[in-house]
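So the sequence shown is residues 4 to 408, counted in this note's numbering. Ideal Cβ positions, reconstructed from N, Cα and C, are used throughout, including at glycine. All figures in this text were calculated on a predicted structure; none of them were measured in a lab.
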Amino acid sequence: MAEPTTPHPSRLSRRRLLGGGAAVAGAAGAGGIGWGAATLTHREQHTDPALETVPFYGQHQAGIDTEPPGAAAFVGFDLKPGVGREDIIGVLKIWTDDAARLTQGKPALADTEPELAQRPARLTVTVGFGPELFTVAGLEDRRPSWLKQLPPFTIDRLDPAYTGADLLLQICAEETTTVSHAVRVLSKHVKSLVQVRWVQRGFRNAAKGRTMRNLLGQIDGTVNIAPRTVDFDHLVWDDGARQQWLAGGTSLVLRRIAMKLDTWDELDADGRAITLGRRDANGAPLSGTQEFDEPDFAAVDKYGIPVIPPSSHIARAHHTHEGERFLRRGYNYDEAPAPGQVSNSGLLFVSCQRDVDAQYLPVQQRLAEFDALNQWTTPVGSAVFVIPPGVPAPGGYLGQQVFDR
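So, in structure tokens, the structure goes:
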């Protein structure tokens with residue numbers, strides 16, 4: 004039997020939007036009918052980790068103070084020519100609706116692979132705004148003073164293919180299939196208004212309560228800020244003092260750092276320890292015995308030589324005062340190398356902080372000036388975003404705080 008020629012009303016708005024209608028975008032993103040995930044018994048919900056969910060609605064966007072899961076994708080988008088403020092709102096409404104469904108194990112509206120949504124695996128979707136979005140939206144007075152591209156550093160070899168963007172999607176979950184499905188759904192539903200600039204995929208593996216290792220073999224992220232603490236509230240979440248709309252939001256710096264694993268392999272254990280300032284075996288600083296021992300940068304050996312070299316990575320990266328601390332959420336990447344090369348690997352370094360200029364920039368400047376690890380690491384991508392507050396309850400949309408007057 005032939006299919007009806009008139010589309011089903013529940014799909015009509017979304018299809019028209021995908022054809023390129025901004026006016027329809029604002030209306031379609033707020034609601035709609037989708038397929039429901041299979042009903043699960045209480046026992047099933049507690050026996051399959053892939054069915055675990057992270058709440059979508061709340062004061063903050065998920066994916067910042069959430070424990071980092073095993074897989075992530077960072078997608079940078081540029082606004083298409085002619086897109087304006089109402090179009091941006093339309094995109095955000097669609098992403099809100101889609102993310103609210105997907106994170107809870109429900110297919111997005113018009114999801115062509117609804118079965119892939121039924122394993123949310125602690126999926127989080129985090130949205131960020133780049134500097135130029137505020138110009139396009141006519142909201143330059145609401146752009147935070149720190150929201151700009153980082154200044155050039157002598158160590159940078161930035162590739163435009165991984166630098167800058169108007170919008171960011173950070174998509175994280177315990178299962179790679181879940182991440183891939185979410186990336187596709189969230190990207191294709193707004194393709195009439197934005198275009199993908201880059202996609203960067205990462206992974207991290209560590210036992211619960213343990214620190215991940217990067218592909219240099221180092222324990223990565225020992226010095227960090229514990230979520231849901233006074234320090235986290237003070238150093239990561241914005242309080243709205245300078246931009247009222249930003250209360251409950253934060254900033255995100257994404258740096259793509261290529262690693263020269265072939266030459267790193269030539270270093271022995273002592274050479275690696277001196278370069279980093281920590282032992283690869285257990286992550287302990289050279290002045291201590293356990294990973295979380297506080298580094299003693301004043302300690303010297305019997306010859307008066309510093310135990311932790313001043314040029315080591317941890318000496319250069321260590322905060323000089325409490326105001327230079329920030330949250331680290333790193334992910335490894337390992338991709339197909341160019342012909343004749345053995346590896347194309349590195350770290351997607353993610354930092355979140357209230358103020359990029361005050362907290363992140365001084366540390367990055369010290370690392371760029373001199374860090375023994377620079378011989379084996381090269382920043383090849385860089386982008387800065389503001390992460391707006393969360394959506395407090397159904398009916399709102401991501402970033403609504405900045406657009407409301």
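Same chain, Cβ closer than 7 Å to residue i, neighbours up to 5 away in sequence not counted
i           : result
residue 405 : 142, 145, 248 and 391
residue 231 : 68
residue 354 : 256, 329, 330, 331 and 363
residue 370 : 319 and 320
residue 352 : 258, 260 and 333
residue 408 : none
residue 198 : 80, 81 and 83
residue 190 : 78 and 199
residue 166 : 384, 385 and 386
residue 246 : 145 and 147
residue 296 : 287 and 288
Residue i, DSSP secondary structure in three states
i           : result
residue 24  : Confidence in residue 24 is poor, its pLDDT being 38 and thus under 50, which makes the residue's placement unreliable; the coordinate value appears in the next sentence. Three-state result, residue 24: coil.
residue 79  : strand
residue 183 : helix
residue 164 : helix
residue 392 : coil
residue 288 : strand
residue 407 : coil
residue 384 : strand
residue 130 : strand
residue 308 : coil
residue 400 : coil
residue 158 : coil
residue 115 : coil
residue 153 : coil
residue 261 : strand
residue 253 : strand
residue 170 : strand
residue 145 : helix
residue 281 : strand
Residue nearest to residue i in terms of C-alpha spacing, selected from the options
i           : options               : result
residue 350 : 132, 254 and 222      : 222
residue 135 : 304, 375, 147 and 301 : 147
residue 71  : 364, 307 and 334      : 334
residue 304 : 298, 246 and 290      : 290
residue 194 : 176, 102 and 81       : 81
residue 225 : 298, 324 and 192      : 298
residue 86  : 169, 325, 212 and 234 : 169
residue 454 : 246, 306, 164 and 93  : Given that the chain is displayed from residue 4 to residue 408, the structure contains no residue 454 and the question cannot be resolved.
residue 51  : 229, 123, 171 and 207 : 123
residue 76  : 186, 90 and 361       : 186
residue 150 : 202, 233 and 131      : 131
residue 201 : 373, 158, 162 and 368 : 162
residue 316 : 277, 53 and 343       : 277
8 Å Cβ shell around residue i - same chain, five flanking residues per side excluded
i           : result
residue 263 : 378, 379, 380 and 381
residue 396 : 60
residue 293 : 285 and 287
residue 265 : 345 and 346
residue 65  : 57, 58, 59, 106, 127, 128, 129 and 393
residue 300 : 290, 309, 311, 313, 318 and 321
Whole-number beta carbon distance between residue j and residue i, since they are thought to touch under 8 Å
i           : j           : result
residue 356 : residue 182 : So it is not a contact: roughly 25 Å between Cβ atoms.
residue 204 : residue 336 : 7 Å
residue 261 : residue 383 : 5 Å
residue 376 : residue 279 : 7 Å
residue 387 : residue 173 : Wrong, their Cβ atoms sit about 13 Å apart, outside the cutoff.
residue 126 : residue 176 : 4 Å
residue 114 : residue 188 : 6 Å
residue 212 : residue 283 : Not confirmed; about 20 Å, so no contact.
residue 389 : residue 243 : Between residue 243 and residue 389 the Cβ distance is about 13 Å, and since that is not below 8 Å, they are no contact.
residue 206 : residue 74  : 5 Å
residue 229 : residue 241 : Actually they are not in contact, since the Cβ atoms of residue 229 and residue 241 sit about 18 Å apart, beyond 8 Å.
residue 101 : residue 184 : Wrong, their Cβ atoms sit about 11 Å apart, outside the cutoff.
Close beta carbons around residue i, own chain, < 6 Å, minus the five adjacent residues each side
i           : result
residue 322 : 328
residue 107 : 56
residue 209 : 215
residue 309 : 303
residue 24  : Unreliable positioning characterises residue 24 in this predicted model, as indicated by a pLDDT of 38, which lies under 50. The coordinate reading is nonetheless provided below. Closer than 6 Å at the Cβ level, and outside the excluded window around residue 24, lies no residue.
residue 400 : 95, 96 and 99
residue 347 : 338 and 340
residue 402 : 95 and 391
residue 1   : Because residue 1 is not part of the residues shown, which for the chain are 4 to 408, the question remains open.
residue 34  : The pLDDT assigned to residue 34 is 36, lower than 50, so where the model puts this residue is not dependable; a value taken from the coordinates is nonetheless given after this. None.
residue 103 : 59
residue 398 : none
Near the ligand SAH: residue i beta-carbon under 7 Å from a heavy atom
i           : result
residue 264 : Questions concerning the ligand SAH fall outside what the structure shown contains, since it holds no ligand whatsoever.
8 Å Cβ cutoff, residue i in contact with chain D
i           : result
residue 278 : In the structure shown, chain D does not exist; there is a single protein chain.
> Quick one: complete beta strand (DSSP E) runs, 3+ long, within the stretch 172-248?
Replying inline: Every unbroken stretch of the beta strand (DSSP E) spanning 3 or more residues and falling wholly within the stretch 172-248 is given here in chain order: 197-206.
> Enumerated in chain order, which unbroken segments of the alpha helix (DSSP H) with a length of 4 residues or greater are wholly contained in the stretch 58-112?
Replying inline: 88-105, all fully within the stretch 58-112.
>> Just to confirm the assignment: which complete beta strand (DSSP E) runs, minimum length 3, are found wholly within the stretch 314-377?
In response: The qualifying runs are 334-338 and 347-356.
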